[in-house]
Amino acid sequence: MSMPHIDQIIRSRRKTIAIIIQPDGRLIVRAPWRVSEQRIRQIVESKSAWIARKTRELQQAQEQALLKREYRDGATFLYLGREYRLKLEPSAYTGLRFQEGFFLNPNEQPHAALLFEQWYRAAAQEILTERLRFYTHRFGLHYKKLRISSARTRWGSCSSHGTLSFTWRLVMAPLEVIDYVVVHELAHVRVQNHSAAFWAEVQQMMPDYKTHRDWLKRNGRFLSL
117 MSMPHIDQII
127 RSRRKTIAII
137 IQPDGRLIVR
147 APWRVSEQRI
157 RQIVESKSAW
167 IARKTRELQQ
177 AQEQALLKRE
187 YRDGATFLYL
197 GREYRLKLEP
207 SAYTGLRFQE
217 GFFLNPNEQP
227 HAALLFEQWY
237 RAAAQEILTE
247 RLRFYTHRFG
257 LHYKKLRISS
267 ARTRWGSCSS
277 HGTLSFTWRL
287 VMAPLEVIDY
297 VVVHELAHVR
307 VQNHSAAFWA
317 EVQQMMPDYK
327 THRDWLKRNG
337 RFLSL
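Here the sequence shown stands for residues 117 to 341, numbered as in this note's numbering.
The following block contains the structure:
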């Protein structure tokens, strides 16, 4: 079994080592100041089987939660990497409202899934337009058209004619992860394959792209209604 990847080591005056698996899959180790990094890695490696089992259990629990998606009062929904609660409250306002949380009239609850998708689509159009503007101006790139898709397994694509497509689900991710997908597709404007030259383009625009790519690999399945 391979050595688990440690995402962060937090040192303090504690006396023991604690291994914590976060909801997003990150592995955090809390350790005393006096314990060396080498010793920490040895302990984590010795717990590889336990870490793998707990990670699988966490993933299965999260996947089951997604299958049972309910648009009830207090349910949580992702937006830009954060969870926000849904509040059902009577209102003269129609549609889905967002103000540090989602608000919906109970009369519209039967149509909640459609209203959420429409809201996410509009948010994706606005956010991706702005992020594309930022990166095209910064690096002198051009694209022909932006399209928001409903893709479930593909975050973005770049056609040979310069049309950039992104799934609306992407706005559930943190902004820096959205930026990685934007950069990835803009790099395809110059290089249409995934050669070394392509990844060099990506790295030039975003030196820490691997961190955000890895986040998407770990958490992409949770970006859905």
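Ideal placement from N, C-alpha and C gives every residue a C-beta, glycine not left out.
Taking Arg146 and Ser128 to be in contact with their CB atoms under 8 angstroms, please state how far apart those CB atoms are, rounded to whole angstroms. Between Ser128 and Arg146 the Cβ distance is about 7 angstroms, and since that is below 8 angstroms, they are a contact.
Taking Cβ to Cβ, would you say Glu161 is nearer than 7 angstroms to Met119? Closer than 7 angstroms, so yes.
Inter-residue Cα distance where the pair is Phe314 and Leu196: Taking the straight line from one Cα to the other gives about 27 angstroms.
Per DSSP, what kind of secondary structure is Ser281 in: helix, strand or coil? Strand.
When burial is assigned at 16 or more other CB atoms within 10 Å of the CB, is Thr283 buried or exposed? In the assembly as shown, Thr283 is a buried residue. Its beta-carbon has 16 or more other beta-carbons within 10 Å.
Run through the stretch 167-221 for me and flag every whole alpha helix (DSSP H) of 4 or more residues, listed as ranges in chain order. List check, alpha helix (DSSP H) in window: nothing returned.
Can you tell me the Cα-Cα spacing of Val293 and Ala165, whole angstroms? Going by the C-alpha atoms only, they are around 29 angstroms apart.
Using 8 angstroms as the threshold, is the stretch 187-203 in touch with the stretch 217-236, meaning 3 or more CB pairs across them? Touching, yes.
So Ile137 and Ile167 are supposed to be a Cβ contact under 8 angstroms. How far apart are they, rounded? Right, their Cβ atoms sit about 7 angstroms apart.
By alpha-carbon positions, which one of Tyr200, Glu216, Leu339 ends up nearest to Met288? Looking only at Tyr200, Glu216, Leu339, the smallest Cα-Cα distance to Met288 is reached by Leu339.
For Gly272, count neighbouring C-beta atoms within 10 Å of its own C-beta (all shown protein chains included) and say buried if the count is 16 or more, exposed if not. So Gly272 counts as buried.
Beta-carbon within less than 7 angstroms of Lys260's beta-carbon, same chain only, minus the 5 sequence neighbours each way: which residues are those? A distance below 7 angstroms between beta-carbons, with the five flanking residues on each side excluded, links Lys260 to the following residues of its chain, in chain order: His277, Gly278, Thr279.
Identify every run of the alpha helix (DSSP H) within the stretch 130-168, keeping only runs that are complete inside it and at least 4 residues long; order them along the chain. For the stretch 130-168, whole alpha helix (DSSP H) runs of length 4 or above, ordered along the chain, are 153-162.
Glu205 classed as buried or exposed, judged by whether at least 16 other C-beta atoms fall within 10 angstroms: Taking all protein chains in view, the Cβ of Glu205 is surrounded by fewer than 16 other Cβ atoms within 10 Å, so the residue is classified as exposed.
Expected contact under 8 angstroms - CB spacing of Ser281 and Ser266 to nearest Å: Not confirmed; about 10 angstroms, so no contact.
In this structure, how does DSSP classify Ile122 when only helix, strand and coil are distinguished? Coil.
Is the Cβ-Cβ distance between Leu248 and Val305 less than 7 angstroms? The beta carbons of Leu248 and Val305 sit no closer together than 7 angstroms.
By Cβ distance below 7 angstroms, which residues in the same chain neighbour Thr171 in space, the five residues on each side in sequence not counted? Here the set comprises Ile137, Gly141.
With DSSP as the reference, please indicate the residues paired to Ser265 in a beta bridge. Here Ser265 is bridged, per DSSP, to Thr283.
List the residues that DSSP assigns as beta-bridge partners of Ser128. Bridge partners of Ser128 according to DSSP: Pro148.
Where DSSP assigns a beta bridge to Gly272, which residues make up the other side? Answer is Phe282.
Do you know how far the Cα of Thr269 is from the Cα of Asn309? Whole-angstrom Cα-Cα distance: 19 angstroms.
How would you call Leu231, buried or exposed, if buried means at least 16 neighbouring beta carbons within 10 angstroms? The residue in question, Leu231, is buried, as its Cβ has 16 or more Cβ neighbours within 10 Å.
Measure the alpha-carbon distance for Ala240 versus Leu302 and round it to whole angstroms. Approximately 17 angstroms between the Cα atoms of the pair.
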